[in-house]
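Protein chains in written order, with my numbering: chain A, 1 to 322; chain B, 1001 to 1301.
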Amino acid sequence: MLSYILRRLVQSAIVLVIIITITFTLPYFQPHGIEAPAYAVLGARSTPYNVYVYSKLHGLTESYFVRLYQYFYQLIFHFNLGTSYKQSLAVNSIISLYVPRTLWLALSSLIFTVLISIPLGILQASRRNTTVDYAATGTAFVLYAVPSFLLCILVIDAFGFHWPHLPISPPSGVAPWAIFTDPKAFILPVGCLTLLSVAALSRFMRGTVLEVLVQDYVRTARAKGCNNRRVLWRHALRNALGPIITILGLSIPALFGGALIIEDVFNYSGIGVQTINAALETDIPTVLGITLLVAVFTLLGNLLADVFLTIVDPRIRLEHSR
Amino acid sequence: MSDLVEAMSVPVSDDAPVPMWRQRLRIFAGNKLALVSCVYIVILAVACFLIPHLHPTNQTNQAIAFNTPQNEPPSAQHWLGTDSNGFDELGRIFFAGEYSLTLGFLAGVITIVVGTLYGMVAGFFGGIVDTVLMRLIDAFLSIPYLFLLLTLITIFGRSTVFLISIIGLTGWWGNARIIRGDALLIRNLDYANAAVSMGAGKWHIIRRHVFPNSISNIVTVATFSVADAILFLSALGFLGLGIQTPNTDWGTMLQTGAEQIQNGYWWEVYPLAIVFVLVVVAINYIGDALRDAFEVRLLER
């Protein structure tokens, strides 16, 4: 098992190196290329000489590989993601300010997603082709076909105009853990994000549980006289957990993407809104830093899912530890 | 499903075998939902490309729009009302549709071309090439897609051409994986091996054997790619990073409408939302029907 985890770690590290190289290389393609910060900072004073001095001072004139080495060095040993010259702030401080807010949003909706979609999948699979099943499948299909931002608009129309009893925007400038102190303000954003994830996952959950329910061990369990509840929760759920964990791990990029839309619609200043604003004012270091960070989260999530998988499903452990 | 059964039981003329493409067309036409979808897409596309020119409404000049009533509910003059700038909403749906449909289509086509080439090379050559190419895709896939789009837009700007290229050149990873699976499968089939034993070159086999035999998957995936491209383009528009003013696309329009929905100006969101969702759903239905039409098991032999 340890060797399996180690191998996955190495794989993730390779992928991470590729991503970092990409995020490092991309700024070479912006207007003014790698000297763009000089033009942005100097503004009207950007004569060729001034630009040259600025570039020289900030090490922009070094060769690609020297700079790549420095970039990696700064990133790995100092977690230094560069400076946003539009906001005159280290990208690090922007991230440490806003990432917790997004993480709370994403995590809480992930928890609700798990809490809702697993029982829903089991319910749908055990009541296959009944009204409940059709209703859930139909709802999921509609929710899946409607783009996420459109769903948010509908929710805002419902709760902002027709039935204005829930706040449609969490208060700004609150602590990241405001989700616990003022849960009412977060019902709509977290609810929307959860709904989107559940819609995307529920078809998969249903399929996974269905697949498990036709296995021999389920029949054996029924034959030896287990009641339905015990079969579903002891035998079916345990065996379905593997694929469920995998798909949850794989859905992390979608979760962040969803959080980006949700934050924009519900005006919740997390990392998503920061990215959008940075993109609107072409603040490249910020966008790159955040994207890199989100990619790392995704990799970590996938890695965690894989490790968790080996714990849940002993067969995988046997397969890879040889 | 009943459509499929029906399509399977269509009687065949006794003498000449029915050409394969006509059988496929028949199976496709047997799917009524897909036919309706086709009609809808064609009518909407024609409307989007013709109406802004045949019956022009002011959609670009803010100064003129300023003199028309803003946020006006539907009336005889403005069938779907006006938006917060005073632009006629109905005309604007078609005006924006021209951009959304064109960009979505072009970006979708690029994703399928790039994805096919990449997947074919990875699947056909296999070994170390395959491993490297697929690890690269893993790396790309671990960057959340919207964040990646925002990054690229920040760096390359958002002119129409760049929007098409950015979505087109980043949306193909999933496609490449599917096509790679096909190529891997076909490469090991007997007819491909036979061609190898007759001394056929690699590119010849890709061109003459692998590509024609995976065309069904390519066409199907292409359809879904166009739907995805339209969706992502609209998401960008909704975030304020779509087509730039004075032009507009559906996503940008929905953003403008969303700002007014709290005031109860439903006509700025719902008509467009219905048109838009139906486009995405219709394209997906067409993709499903194409998949059925290409399914060999449904053909009569």
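Virtual Cβ for every residue (Gly too), placed ideally from N, Cα, C.
Query, Result
"Cutoff 7 Å: residue 1147 of chain B Cβ touching any chain A Cβ", "yes"
"Supposed contact pair residue 170 of chain A and residue 189 of chain A - C-beta distance, whole angstroms, cut 8 Å", "6 Å"
"Contact with chain A by residue 1144 of chain B, beta-carbon distance below 7 Å", "yes"
"Enclosing alpha helix (DSSP H) for residue 1074 of chain B [first to last residue]", "Counting along the chain, residue 1074 of chain B falls outside any alpha helix (DSSP H), and DSSP gives it neither H nor E."
"Under 8 Å by beta carbon: chain A residues contacting residue 1042 of chain B", "Within chain A, no residue comes near residue 1042 of chain B; the closest Cβ sits about 20 Å away, beyond 8 Å."
"Whole-angstrom distance between residue 1087 of chain B and residue 1166 of chain B, CA atom to CA atom", "29 Å"
"Cβ pair count under 8 Å reaching 3, the stretch 263-274 of chain A against the stretch 97-104 of chain A", "yes"
"Any 3 or more C-beta pairs closer than 8 Å across the stretch 223-240 of chain A and the stretch 69-88 of chain A", "no"
"Separation of residue 207 of chain A from residue 1143 of chain B, as counted between CA atoms", "27 Å"
"Cβ neighbour criterion (16 or more within 10 Å) applied to residue 1019 of chain B", "exposed"
"Any C-beta of chain A under 7 Å from that of residue 1264 of chain B", "yes"
"CA nearest to the CA of residue 1218 of chain B, picked from B:1287, B:1059, B:1098 and B:1049", "B:1287"
"Alpha helix (DSSP H) segment containing residue 325 of chain A, residue limits", "Limits of chain A in this structure are 1 at one end and 322 at the other, which puts residue 325 of chain A out of reach."
"Residue of B:1206, B:1184, B:1103 and B:1246 minimising C-alpha distance to residue 1065 of chain B", "B:1246"
"Whether residue 1227 of chain B touches residue 1280 of chain B by CB criterion (7 Å)", "yes"
"C-alpha gap between residue 298 of chain A and residue 1269 of chain B, whole angstroms", "34 Å"
"Chain-ordered neighbours of residue 42 of chain A on chain B, where CB pairs are closer than 8 Å", "None at all; the shortest Cβ gap to chain B is about 20 Å."
"Any chain B beta carbon closer than 7 Å to residue 157 of chain A", "yes"
"Same chain, Cβ closer than 8 Å to residue 63 of chain A, five either side skipped, listed in chain order", "none"
"Neighbour list for residue 25 of chain A in chain B, Cβ cutoff strictly below 7 Å", "Neighbours of residue 25 of chain A on chain B: none; closest Cβ ~10 Å, over 7 Å."
"Contacting positions in the stretch 1222-1238 of chain B - beta carbon closer than 8 Å to chain A", "1231, 1234, 1235 and 1238"
"Helix, strand or coil at residue 259 of chain A [DSSP, three-state]", "helix"
"Rounded C-alpha distance that separates residue 1237 of chain B from residue 1256 of chain B", "10 Å"
"Residue 1095 of chain B beta carbon less than 7 Å from that of residue 1059 of chain B", "yes"
"Neighbour flag for residue 1258 of chain B against chain A, beta carbons, 7 Å", "yes"
"Below-7 Å beta-carbon distance, residue 1155 of chain B vs any chain A residue", "yes"
"Secondary structure of residue 84 of chain A, DSSP reduced to three states", "strand"
"Within 7 Å of chain B by C-beta, residues of the stretch 138-169 of chain A in sequence order", "145, 146, 147, 149, 150, 153, 156, 157, 160 and 161"
"Nearest candidate by alpha-carbon position, reference residue 284 of chain A, set B:1282, B:1147, B:1062 and B:1174", "B:1147"
"DSSP-derived helix/strand/coil call for residue 947 of chain B", "Absent from the structure is residue 947 of chain B, since the part of chain B shown begins at 1001 and ends at 1301."
"Beta carbon proximity, residue 1283 of chain B to chain A, threshold 7 Å", "no"
"Beta bridge counterpart(s) of residue 305 of chain A as assigned by DSSP", "Looking at the DSSP assignment, residue 305 of chain A forms no beta bridge with any residue, so it has no partner."
"DSSP bridge partner residues for residue 1082 of chain B (one or two, in chain order)", "B:1088"
"Partners in chain B for residue 257 of chain A, counting only beta-carbon separations shorter than 9 Å", "1144, 1145, 1146, 1147 and 1235"
"CB contact check: residue 1090 of chain B to chain A, cutoff 7 Å", "no"
"Contact residues within the stretch 292-316 of chain A, judged by C-beta distance below 8 Å to chain B", "294, 295, 298, 299 and 302"
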